[in-house]
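Below is one structure, written out as structure tokens; the observations come after it.
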Amino acid sequence: MATPIGHLGDLSRRAEEVLKRVQILAAEDTRRTRVLLDHIEHRVPELVSLHEHNEAQMTKKLIERLLAGVDVAVVSDAGTPLINDPGYVFVRAAHAAGINLVPIPGPCAITTVLSVCPLPCHPFSFIGFLPAKATARRQLLENRMAEPDALVFLEAPHRILETLSDISLLTSRQVMIGRELTKKFETLLVGEPRALIDRLGEQPKGEFTVVIEAAAASTVTRDAQSVLRVLLQELPPSKAAKMAAQICEVKKSEMYTLALEISGAKS
Ligand code: SAM
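First residue of the sequence shown: 18, per my numbering; consecutive thereafter.
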């Protein structure tokens, strides 16, 4: 079942009822879940941990109890289980054992940021966390940006600036950042990746969920970007943008914006 990603008031009434009814609550981190239980002034009869390192072993025990007729709820630290969180091993085993699975929907960082995203984001692909290593991250971004879908991913505070810089070298698409969603320092930022780097400052803190707009909004295809990059090696941005726009039949203004971004990134 889903639990708040920040604001405890986002726990649904149904989720609260279920928390108060189940015999066993399996939580990713029992200390984090105790905060939520304190908020609703409740103690579950059995609070057990179910995290990525014990999921297989704990799943067996939980399935036995479920088959014996005991109700079990599963929560992750925050948001929706299985969405980059534990729960899949348990859900798969429960399904295989013929146990009735009941989704209790609610907060999720991905749907939260998308619910206020002013950029085109349909269809979108969710890619979870980007790889920590720079080469793998750049390769993945390049591959995924060859597709027209909007991209949604999760990012750590110490990597967000580097990732935005990588994105700026690959595309002129706009980006939305949802930082600390539903929390005191919630910030929504929308713009070109380079501009967002400036707005985030030197050592950004907090939790980040990022959306890169769908390609359909831009007429600058990947091929057009490649042409522009070659021309920029020989020509100033305005001339390179004009020629690339003519060759690739895309909007000159978009090419010029991209040309400025690319030359800015290089200098
Ligand atoms: N299952 C969770 C969900 O449904 O939101 C996602 C779990 S994932 C392990 C945690 C990551 O989600 C964080 O590192 C951050 O990238 C993103 N995230 C979680 N809470 C957030 C928030 N309040 N604001 C922005 N991003 C958040």
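Don't be surprised by glycine CBs; every beta carbon is placed ideally from N, CA and C. Model, not experiment: these values are computed from the prediction.
Checklist line | Closest Cα partner of S185 within the set E159, K201, A173, L198 | finding: E159
Next item on the list: Rounded to whole angstroms, what's the CA-CA distance from G145 to I116? Just pull it up for me.
Entry: 28 Å
Notebook entry, point to check: Do you know how far the Cα of E251 is from the Cα of S270?
Noted result: 20 Å
Checklist line | Span of the beta strand (DSSP E) around F107 | finding: First-last for F107: 105–113, but that is the alpha helix (DSSP H), not the beta strand (DSSP E).
Notebook entry, point to check: Among the residues of its own chain, which have a CB less than 8 Å from the CB of A32, if the five just before and after it don't count?
Noted result: M18, A19, T20, I121, G123
Next item on the list: Please look up how many angstroms separate the CB atoms of L25 and L53, rounded, as I've assumed it's under 8 Å.
Entry: 7 Å
Next item on the list: Report all residues from its chain with a CB closer than 7 Å to the CB of P135; omit the five preceding and five following residues, and keep chain order.
Entry: V207
Item checked: Buried versus exposed, by CB contacts within 10 Å (16 or more), T152 -> In this structure T152 is exposed. Its beta-carbon is surrounded by fewer than 16 other beta-carbon atoms within 10 angstroms.
Next item on the list: Entirely within the segment 48–108 and at least 4 residues each: give me those alpha helix (DSSP H) ranges in chain order.
Entry: 72–84
Check: Is any heavy atom of the ligand SAM found at a distance shorter than 7 Å from the C-beta of T97?
Finding: yes
Checklist line | Closest Cα partner of I127 within the set I194, V247, A113 | finding: I194
Check: With distances taken from CA atoms, which of H175, L157, R154, L84 is nearest A113?
Finding: L84
Notebook entry, point to check: Whose CA, out of T188, D215, L248, F225, lies closest to the CA of L275?
Noted result: T188
Next item on the list: Give a yes or no on whether the C-beta atoms belonging to P148 and D166 are separated by under 8 Å.
Entry: no
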